[in-house]
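The sequence shown begins at 58 in my numbering and counts up one residue at a time.
Note that beta-carbon positions come from the ideal geometry of N, C-alpha and C, so glycine has one too.
Worksheet: one structure, shown below.
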Amino acid sequence: MRGGRRMGFPENFLWGGATAANQYEGAYLEDGKGLNTADVLTNGSHTEARKVTWINKKTNKKGHAPVMWGEKFEIPEGAIPAVLEDEYYPSHTATDFYHHYKEDIALMAKMGFKVYRLSINWARIFPNGDDEHPNELGLEFYDKVFDELEKYGIEPLVTLSHYETPLNLSVKYGGWVNRQLIDYFERYSAIVIERYHDRVKYWLTFNEINAMDLAPYIAGGVLDPTPQNRAQAAHNQFIASAKVVKLAHKVDEKIKVGQMLAFQPLYSYTCDPVDQVKIMELNQKMLFYSDVQTGGKYPEYRWKQYEREGIVLDDSPEDYELLAKYPADFLSFSCYGSSVFTTHQEEAKSSGNLGSNGVKNPYLETNAWGWTTDPECLRIALNTLWDRYRKPLWIVENGIGWADVLEDGKVHDDYRIKYLKANIKSMKEAIDIDGIDLLGYTMWGCIDLVSAGTGEMRKRYGFVYVDRDDQGNGTLKRTPKDSFYWYKEVIQNNGSEI
Numbered sequence: 058m059r060g061g062r063r064m065g066f067p068e069n070f071l072w073g074g075a076t077a078a079n080q081y082e083g084a085y086l087e088d089g090k091g092l093n094t095a096d097v098l099t100n101g102s103h104t105e106a107r108k109v110t111w112i113n114k115k116t117n118k119k120g121h122a123p124v125m126w127g128e129k130f131e132i133p134e135g136a137i138p139a140v141l142e143d144e145y146y147p148s149h150t151a152t153d154f155y156h157h158y159k160e161d162i163a164l165m166a167k168m169g170f171k172v173y174r175l176s177i178n179w180a181r182i183f184p185n186g187d188d189e190h191p192n193e194l195g196l197e198f199y200d201k202v203f204d205e206l207e208k209y210g211i212e213p214l215v216t217l218s219h220y221e222t223p224l225n226l227s228v229k230y231g232g233w234v235n236r237q238l239i240d241y242f243e244r245y246s247a248i249v250i251e252r253y254h255d256r257v258k259y260w261l262t263f264n265e266i267n268a269m270d271l272a273p274y275i276a277g278g279v280l281d282p283t284p285q286n287r288a289q290a291a292h293n294q295f296i297a298s299a300k301v302v303k304l305a306h307k308v309d310e311k312i313k314v315g316q317m318l319a320f321q322p323l324y325s326y327t328c329d330p331v332d333q334v335k336i337m338e339l340n341q342k343m344l345f346y347s348d349v350q351t352g353g354k355y356p357e358y359r360w361k362q363y364e365r366e367g368i369v370l371d372d373s374p375e376d377y378e379l380l381a382k383y384p385a386d387f388l389s390f391s392c393y394g395s396s397v398f399t400t401h402q403e404e405a406k407s408s409g410n411l412g413s414n415g416v417k418n419p420y421l422e423t424n425a426w427g428w429t430t431d432p433e434c435l436r437i438a439l440n441t442l443w444d445r446y447r448k449p450l451w452i453v454e455n456g457i458g459w460a461d462v463l464e465d466g467k468v469h470d471d472y473r474i475k476y477l478k479a480n481i482k483s484m485k486e487a488i489d490i491d492g493i494d495l496l497g498y499t500m501w502g503c504i505d506l507v508s509a510g511t512g513e514m515r516k517r518y519g520f521v522y523v524d525r526d527d528q529g530n531g532t533l534k535r536t537p538k539d540s541f542y543w544y545k546e547v548i549q550n551n552g553s554e555i
């Protein structure tokens with residue numbers, strides 16, 4: 058004890074892992090599930106974009122539209138997203154948690170997980186999104202998942218919308234641009250929260266909500282991603298989130314509803330003051346979403362931006378009362394590394410997280426997909442967010458994708474252990490040195506799943522290797538990697554021996 062404070066991670070710190078239904082669950086049409094926006098996304102690679110496949114039912118013309126983070130997305134007029142023959146869609150089977158949930162949760166328990174972050178597939182509960190009644194078979198699947206987690210004493214952390222919107226809501230309403238989705242999301246949320254509130258204490262509304270700026274189709278099924286539509290879709294998600302906080306607290310006062318933000322520390326490449334302004338503006342773009350959803354109000358800098366761009370929201374005074382009265386109870390976020398930016402265009406570019414196209418950082422190692430290992434990023438991230446919001450924090454995604462190789466029944470992923478050591482040490486320092494209130498840590502992709510960014514299996518994140526390749530071949534056999542046993546020890550000693 059120093060200064061009356063206990064050093065190290067709290068005794069009740071929630072160690073675990075995270076996945077998303079569209080990347081992991083599979084069974085894309087089983088037991089009454091409807092199509093969602095992820096189900097029409099093909100695979101891709103680091104150099105080739107994933108694509109949304111489409112069809113014009115009047116002309117029977119078919120094609121695809123590339124989905125690039127931060128780039129223009131466009132489907133031809135008269136066409137709608139659709140599943141086409143002779144295309145491969147990774148979400149359709151993914152790594153088949155739907156049929157392996159008992160085995161996978163047993164593996165999580167063997168590692169000693171205290172918490173497991175999963176998402177509920179909205180289209181499994183409401184196949185069209187606007188259905189009057191839920192799909193009971195879909196609800197029963199999650200009953201079984203929560204039963205299994207309860208059996209091992211693992212706390213669920215549930216994301217309500219993780220990069221998937223019922224496809225009908227995208228086609229019929231244009232996605233989250235339409236305010237009607239607020240009511241449909243509230244109906245869906247009420248059904249699952251009322252059913253599971255006695256077993257699920259922690260909920261998240263929208264995964265990486267700020268992806269609306271960079272990939273509005275992924276984040277909200279938006280088919281016409283104009284600046285006006287992105288702004289409106291974000292606003293509608295903010296209001297939906299506040300309504301979920303309100304209803305959750307009414308259902309059970311013990312429930313905590315958090316925000317989920319994609320965050321990364323941003324560094325200036327030079328000491329040129331213009332570069333510092335660029336970093337300030339990029340931070341504003343990223344933190345606008347938490348200023349509203351966690352802070353409870355629109356910041357002045359965003360109103361000024363909308364004024365310059367001629368953006369006018371379809372809103373009401375009641376919207377802003379809701380935002381102020383029902384902000385997120387805690388702030389969760391993803392953080393995989395940092396990015397560097399400059400206004401000096403002659404600097405060489407390299408891809409970074411969130412499709413940021415930042416400048417290569419000469420002080421940090423990168424993997425084959427251009428992602429950095431930054432040993433200080435989590436401490437910086439935690440301090441930035443704590444200083445701004447003073448609400449409990451939760452790291453719900455952190456990890457690194459790698460082309461793991463299975464040899465003689467083993468995967469020696471020392472590179473992942475090295476990455477995780479640095480990151481866990483960084484968040485420990487944020488607790489010990491800075492006094493940050495950190496609830497937990499769920500490493501991303503704890504069991505191998507499909508990469509959201511590239512649609513690959515080759516880009517693996519997990520502690521457990523799943524036998525499946527980029528073309529959908531493989532037995533789906535699960536094999537613990539070296540990092541599996543390393544993380545088990547981390548949890549056993551509560552991170553004290555990092």
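In the structure shown, Ser373 falls within a coil segment according to DSSP collapsed to helix, strand and coil. Note that the region 457 to 468 does not touch the region 363 to 377; fewer than 3 beta-carbon pairs, one per stretch, sit closer than 8 Å. In the three-state reduction of the DSSP assignment, Thr430 falls in the strand class. Comparing alpha-carbon positions, the option among Met500, Leu206, Tyr209 and Tyr173 lying closest to Tyr518 turns out to be Met500. About 14 Å separates the Cβ atoms of Ser176 and Asp96, ruling out a contact at the 8 Å cut-off. Under the DSSP assignment, Glu454 falls in the beta strand (DSSP E) whose first and last residues are Leu450 to Glu454.
For Ile504, the pairing in a beta bridge is given by DSSP as Val521.
Considered as a whole, the region 123 to 209 harbours 172 to 176 as its complete beta strand (DSSP E) runs of no fewer than 3 residues, in chain order. At least 7 Å separates the beta-carbon of Ala487 from that of Arg445.
For Ile239 and Tyr383, the gap between their C-alpha atoms comes out near 15 Å. As computed with DSSP, His121 is found in a beta bridge with Thr110. The continuous stretches of beta strand (DSSP E) do not include Pro384, and DSSP gives it neither H nor E. Of the candidates Leu141, Tyr155 and Trp426, the residue whose Cα lies closest to the Cα of Ala78 is Tyr155. Under the three-state reduction of DSSP, Pro537 is assigned to strand. Rounded to the nearest whole angstrom, the C-alpha separation of Asp505 and Tyr363 is 41 Å. Here Gln350 is buried: its Cβ has 16 or more other Cβ atoms, across all protein chains shown, within 10 Å.
The Cβ neighbour count for Cys328, taken over all protein chains shown within 10 Å, is under 16; the residue is labelled exposed. Short of 7 Å from the beta carbon of Ser508, and not among the five residues preceding or following it, lie these beta carbons of its own chain, in chain order: Gly458 and Lys516. If you look at Trp360, you'll find it in the alpha helix (DSSP H) that goes Glu357 to Glu366. In the structure shown, Glu422 adopts extended strand secondary structure according to DSSP, grouped into three states. Proximity of the region 122 to 141 to the region 62 to 75 falls short of the contact definition, fewer than three beta-carbon pairs being nearer than 8 Å.
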